[in-house]
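A.B. asks: Questions regarding the structure given below will be posed in turn.
Numbering (our numbering), first residue to last: 337 to 448.
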């Protein structure tokens with residue numbers, strides 16, 4: 337695979353398609369709603385991850401109404417799901433209206 341810049345100049349020849357596919361998947365960007373769905377958690381749980389500084393947006397896009405929409409990267413979602421500090425089974429099993437285990441996370445300034 338050949339990567340080219342916007343002028344058509346060759347930037348790099350990539351021969352390992354699996355590496356290219358992994359890099360492409362890791363760089364996929366999600367809106368907040370998509371990230372919540374990809375993680376399999378509630379929006380309030382996602383808010384706790386943001387508050388604790390465990391996730392942050394990597395970019396923004398403009399909505400149809402010209403609002404800035406934060407975008408979250410797949411690699412960052414993968415990183416947070418590998419955290420040994422979070423019991424993901426417990427987080428995902430909490431029913432609506434119940435307190436999330438993520439509510440006990442420290443705020444960004446006191447984060448791990």
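Even glycine gets a Cβ: it sits at the ideal position worked out from N, Cα and C. Computed from a predicted model, the values in this text were never measured in an experiment.
Leaving aside the five residues before and after residue 441 along the sequence, list all residues of the same chain whose C-beta is less than 6 Å from its C-beta, in chain order.
C.D. replies: Counting from one through the chain shown, the residue named residue 441 turns up at place 105. So the list reads 384, 388, once near-sequence residues are dropped.
A.B. asks: Go ahead and label residue 439 buried or exposed: buried means 16 or more other beta carbons lie within 10 angstroms of its beta carbon, across all protein chains shown.
C.D. replies: Here residue 439 refers to the residue found at position 103 when the chain shown is read from its first residue. The residue in question, residue 439, is exposed, as its Cβ has fewer than 16 Cβ neighbours within 10 Å.
A.B. asks: Assign residue 443 to buried or exposed, taking buried as 16 or more other Cβ atoms, counted over all protein chains shown, within 10 Å of its Cβ.
C.D. replies: On the chain shown, position 107 is the one that residue 443 refers to. Exposed: under 16 other Cβ atoms inside 10 Å.
A.B. asks: Could you give the C-beta distance for residue 437 and residue 423, rounded to a whole number, given that I count them as a contact under 8 Å?
C.D. replies: What you label residue 437 is simply residue 101 of the chain shown in a count that begins at 1. What you label residue 423 is simply residue 87 of the chain shown in a count that begins at 1. 6 Å between Cβ atoms; contact.
A.B. asks: According to the neighbour-count rule (16 or more other Cβ atoms, all chains shown, within 10 Å of its Cβ), is residue 381 buried or exposed?
C.D. replies: By 1-based counting over the chain shown, the position of residue 381 is 45. Buried: at least 16 other Cβ atoms inside 10 Å.
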